[in-house]
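J.: One point on numbering: in our numbering, the residue at position 334 of the sequence shown is 662, and numbering is uninterrupted.
We put the CB at the ideal spot given by N, CA and C, even for glycine.
From a predicted model like this one, the values you see are computed outputs, not experimental measurements.
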Amino acid sequence: MIYRPNKGPPEGECTLVLLYETLIKDRGPQAFLSDSGPEDSVLISCHTTNLSDESLGVFGSIRTSGRRPKIRESLVSNGSSSPRSTRPAAKPRKWLESISKEARSDELRTDHVRSWVVPITDKDLYGPRGPSPDDIDQDFLGDCYLVATLSAVALRHPLLLKNLIRYDRISQRFVVGLYDVKGKKRHVQVTQLELEDNMIRNGGSKMDNTMQRKIVWPAVFETAYAKLYDSKPLDGLDQGYVKISGGGWPKDAMMAVTGSPGTEMKFQLIPRITRQQSINLLGSRVARALVRHRTITLWSVPEFDGRSQIQKKNNAPFPQDGLVDNHVYTVMSMTRSASLNWTIRLRNPWGTNMAVGEGKDIKSAYISVDLDTLVNTGGLQSFRVSAY
Numbered sequence: 329m330i331y332r333p334n335k336g337p338p339e340g341e342c343t344l345v346l347l348y349e350t351l352i353k354d355r356g357p358q359a360f361l362s363d364s365g366p367e368d369s370v371l372i373s374c375h376t377t378n379l380s381d382e383s384l385g386v387f388g389s390i391r392t393s394g395r396r397p398k399i400r401e402s403l404v405s406n407g408s409s410s411p412r413s414t415r416p417a418a419k420p421r422k423w424l425e426s427i428s429k430e431a432r433s434d435e436l437r438t439d440h441v442r443s444w445v446v447p448i449t450d451k452d453l454y455g456p457r458g459p460s461p462d463d464i465d466q467d468f469l470g471d472c473y474l475v476a477t478l479s480a481v482a483l484r485h486p487l488l489l490k491n492l493i494r495y496d497r498i499s500q501r502f503v504v505g506l507y508d509v510k511g512k513k514r515h516v517q518v519t520q521l522e523l524e525d526n527m528i529r530n531g532g533s534k535m536d537n538t539m540q541r542k543i544v545w546p547a548v549f550e551t552a553y554a555k556l557y558d559s560k561p562l563d564g565l566d567q568g569y570v571k572i573s574g575g576g577w578p579k580d581a582m583m584a585v586t587g588s589p590g591t592e593m594k595f596q597l598i599p600r601i602t603r604q605q606s607i608n609l610l611g612s613r614v615a616r617a618l619v620r621h622r623t624i625t626l627w628s629v630p631e632f633d634g635r636s637q638i639q640k641k642n643n644a645p646f647p648q649d650g651l652v653d654n655h656v657y658t659v660m661s662m663t664r665s666a667s668l669n670w671t672i673r674l675r676n677p678w679g680t681n682m683a684v685g686e687g688k689d690i691k692s693a694y695i696s697v698d699l700d701t702l703v704n705t706g707g708l709q710s711f712r713v714s715a716y
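1) Ordered along the chain, which non-local residues of its own chain (more than five positions away) have a Cβ less than 6 angstroms from that of His621?
2) Find the nearest neighbour of Arg457 within the set Ala482, Asn643, Val659 and Pro447, judged by alpha-carbon distance.
3) Are the Cβ atoms of Val544 and Asp452 separated by less than 8 angstroms?
4) With C-beta atoms as the reference, is Leu506 less than 8 angstroms away from Arg514?
5) Compute the Euclidean distance between the alpha carbons of Leu487 and Ala644, then round it to the nearest angstrom.
6) Is the region 673-682 in contact with the region 651-658, if contact means three or more CB pairs nearer than 8 angstroms?
7) I'd like the list of long-range same chain contacts for Gln500, defined as Cβ closer than 7 angstroms, with 5 residues on each side in sequence excluded.
8) Identify whether Ser573 lies in helix, strand or coil by the three-state DSSP scheme.
9) Taking the Cβ atom as the reference point for each residue, do Gly568 and Lys579 lie within a distance shorter than 8 angstroms?
10) Return helix, strand or coil for Arg412, following the three-state DSSP convention.
11) Quick one: Cα of Arg497 to Cα of Tyr454, how far?
12) Is DSSP giving Asp563 helix, strand or coil here?
13) Between Gly650, Lys641 and Leu474, which lies nearest to Ala581 when the distance is taken from Cα to Cα?
14) Rounded to whole angstroms, what is the Cα-Cα separation between Ser612 and Leu626?
15) With C-beta atoms as the reference, is Gly532 less than 8 angstroms away from Asp465?
16) Apply the 10 Å Cβ neighbour rule to Ile695 and answer buried if 16 or more other Cβ atoms are within range, or exposed otherwise.
17) What does His621 pair with, by DSSP beta-bridge criteria?
18) I think Val684 touches Gly650, with their Cβ atoms under 8 angstroms apart; what is that distance to the nearest whole Å?
19) What's the C-alpha gap between Val516 and Pro561?
20) Compare the C-alpha of Gln540 against each of Asn704, Met527 and Cys472 and name the closest.
21) Look up Leu626 in the DSSP assignment and say whether it is helix, strand or coil.
22) Go ahead and pull the three-state DSSP assignment for Asp698.
23) Are Ala552 and Met535 close, meaning C-beta to C-beta below 8 angstroms?
24) Terminal residues of the continuous beta strand (DSSP E) containing Phe502?
25) Who are Thr586's beta bridge partners in DSSP?
26) Exposed or buried, which one is Ser665 when buried takes at least 16 other CB atoms within 10 Å?
27) Would you list the residues sitting across from Thr658 in a DSSP beta bridge?
28) Is it true that the CB of Leu699 sits closer than 8 angstroms to the CB of Ser628?
29) What's the gap between the Cα of Ser714 and the Cα of Ile672?
30) Checking 8 angstroms against the spacing of the C-beta atoms, do Leu478 and Val585 come in under that value?
31) Contact check, Met660 vs Ala615 under 8 angstroms by CB: the rounded distance?
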């Protein structure tokens, strides 16, 4: 995106024109910074309007990384005003401290190229109490199986998540320990550009919702997971995001984070006991796993139509359980009523239960549903329970 004011930028602002190829020709190899990784990193050569070169000292650490663009331009402020927009944005974002208070999504998407001053560090990973299920807010990426699992691990084993992330202050990269589907541990590097790209894609953190660059651990994990499934990360992570956003298996997400696929618990009729007793037995097994601090998710599927022909003829309502179909939830708790029926408290990784379309929409991310209802409507596929 090129900013071309008719009469120059307003007073107190400057336009930085990043001339990558010109810089290499003029300065030669010494223009490169010592930064390990797949992206090329170069010092900025800039032409300014209304500001002298000396007045840019505060921006001495600004860098651009990418795949050799011919011309890139970034707007910066000297602190008195914000960059101007060239066209309206659908969803404004606050992202780059010390540069912009009104950064827009179309300003941020620059073909894997970005300039910034203040990097995200390990101090931005968590809230005051560490990782929390409420840090997850799934938006446009179809990876509920992953973010619901991250939410479940944050609930039961927050220290595990913290131990999987390491920050390298020299390269300003995060290193995430994830397990592939074969159980092999991989150490995936996540760059600042890739984190920003995750926010632009409306990933599973709240950065794109709150406009604040904090509590970023979900974005770090989600980005690392996408990179794990991208065969050509040098070209960006489109391939990886396509792979993980097309749906996936809860067992693969559990493997990626915990190193084990865990076990599947699903309803089945047990010989010589009633159907209700079989349901209660499943509830007891899940409840015991929670007592043992196991990480548990629930996989919901479309309900089956159990109405009789007469009920269908009379337009009796289709049985619904209140959950999103083909979705994965975090299991928060299991409680048993006086009638001995089990109730499951779930957290939707969407951060809300609105627009579900099953007649039980609520604004809260938390919803309670009877295990009997889930089983009898056919809406329960299975529980995924961690090995520890």
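T.: From the atom records:
1) Arg484
2) Taking Arg457 as reference, the option from Ala482, Asn643, Val659 and Pro447 with the minimal CA-CA separation is Ala482.
3) yes
4) yes
5) 49 angstroms
6) yes
7) Correct list, in chain order: Pro447 and Gln520.
8) helix
9) Not a contact, by the Cβ cut-off of 8 angstroms.
10) Interpretation of Arg412 is limited by its pLDDT of 27, a score under 50 that renders its predicted location unreliable; the figure taken from the coordinates is listed afterwards. DSSP places Arg412 in coil when its eight states are reduced to three.
11) Answer to the nearest angstrom: the Cα atoms are 17 angstroms apart.
12) helix
13) Nearest option by C-alpha distance: Leu474.
14) So the alpha carbons of these two residues sit roughly 15 angstroms apart.
15) Yes, these two residues count as a Cβ contact at 8 angstroms.
16) buried
17) Answer is none; His621 lacks a bridge partner.
18) 7 angstroms
19) 11 angstroms
20) Met527
21) strand
22) In the structure shown, the three-state DSSP call for Asp698 is strand.
23) no
24) Arg501 to Tyr507
25) According to DSSP, Thr586 bridges with nothing at all.
26) exposed
27) According to DSSP, which records beta bridges pairwise, Thr658 is partnered with Thr625 and Arg675.
28) no
29) Answer to the nearest angstrom: the Cα atoms are 17 angstroms apart.
30) yes
31) Going by Cβ atoms, the distance from Met660 to Ala615 rounds to 12 angstroms, so no, they are not a contact pair.
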